[in-house]
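Encoded as structure tokens, the structure appears first; notes follow it.
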Amino acid sequence: MKRVWLSKSPAVSLLTGALLSAGLSLPALAGSHGGGDDHGHDDYAYADKALFIVTSDSLQTQGMAMILANAMREQGTTPHILLCDAAGELAIEGYESETELGPRGVKPEGLMQMMMGEGASVEVCAIYLPNTDHEEGDLREGVGVATPGAMAEMMRDPKVPVFSF
Numbered sequence: 032m033k034r035v036w037l038s039k040s041p042a043v044s045l046l047t048g049a050l051l052s053a054g055l056s057l058p059a060l061a062g063s064h065g066g067g068d069d070h071g072h073d074d075y076a077y078a079d080k081a082l083f084i085v086t087s088d089s090l091q092t093q094g095m096a097m098i099l100a101n102a103m104r105e106q107g108t109t110p111h112i113l114l115c116d117a118a119g120e121l122a123i124e125g126y127e128s129e130t131e132l133g134p135r136g137v138k139p140e141g142l143m144q145m146m147m148g149e150g151a152s153v154e155v156c157a158i159y160l161p162n163t164d165h166e167e168g169d170l171r172e173g174v175g176v177a178t179p180g181a182m183a184e185m186m187r188d189p190k191v192p193v194f195s196f
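So the sequence shown is numbered by our numbering: it starts at 32 and just counts up by one.
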């Protein structure tokens, strides 16, 4: 039986050479992404504004949307929250979620209102009110009605990340 050494195969030699070359250059590439205290994000600009589109009727999904929006707010991004479909209920004055979310016992509408006090903007979709029993006067103080043109402009802006829940 004849032994075949993989290193003599031209294809394997080429692949091995490419892998070794890439492996030797990776440490150099890793060091080229900055190196400041912000874990290599020296030249990265974080978003000043972010759009959160919330449509889910799930308490946990609504809660996570608000938790993440608040975390981004705490890190310097101003959240704009657009409530549509079942999530529009969060915008209605007097609406309260059935249960609190652990571990801190928060409700999505409570986090939303807290963020509004800190500069976040909240609107319901343009079609929310005409397709429910609610009117504009039923909205919580400070909640507006979105216009398609303004929302489209924000969604098209490459500097504004869009998150959908």
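Note that CB positions come from ideal geometry on N, CA and C, so glycine has one too. What you are looking at is a predicted structure, and each value in this text was computed from that prediction instead of being measured.
{"Query": "Is the CB-CB distance between H111 and K80 below 8 angstroms?", "Result": "yes"}
{"Query": "Measuring straight from C-alpha to C-alpha, what distance separates G94 and I123?", "Result": "16 angstroms"}
{"Query": "Under 7 angstroms Cβ to Cβ from A177, same chain only, skipping five residues before and after it: list those, please.", "Result": "L113, E154, V155, C156 and A157"}
{"Query": "Tell me the rounded alpha-carbon separation between M147 and V85.", "Result": "16 angstroms"}
{"Query": "What three-state label does DSSP hand G54 in the structure shown?", "Result": "A caution first: G54 carries a pLDDT of 46, below 50, which makes its placement in the model too unreliable to give a value."}
{"Query": "Sorted by chain position, which residues of the same chain lie with C-beta nearer than 6 angstroms to T108's C-beta, five sequence neighbours on each side aside?", "Result": "A78 and A81"}
{"Query": "Using three-state DSSP, classify A110 as helix, strand or coil.", "Result": "Checking the sequence shown, residue 110 turns out to be Pro, not Ala. Reduced to three states, the DSSP call for P110 is strand."}
{"Query": "Could you give the DSSP three-state label for G119: helix, strand or coil?", "Result": "helix"}
{"Query": "Note down the Cα distance separating R171 from E127, rounded to an integer number of angstroms.", "Result": "12 angstroms"}
{"Query": "Throw me the rounded Cβ distance for the R104 and A151 pair, which I believe falls under 8 angstroms.", "Result": "6 angstroms"}
{"Query": "Could you pull the start and end residues of the beta strand (DSSP E) that I84 belongs to?", "Result": "K80 to V85"}
{"Query": "I'd like the ranges of any alpha helix (DSSP H) spanning at least 4 consecutive residues and lying wholly in the segment 117-189.", "Result": "139-148 and 179-187"}
{"Query": "Going by other Cβ atoms of all chains shown within 10 Å of its Cβ, with 16 needed for buried, is M143 buried or exposed?", "Result": "buried"}
{"Query": "Which residues mark the beginning and the end of the alpha helix (DSSP H) in which A102 is found?", "Result": "L90 to E105"}
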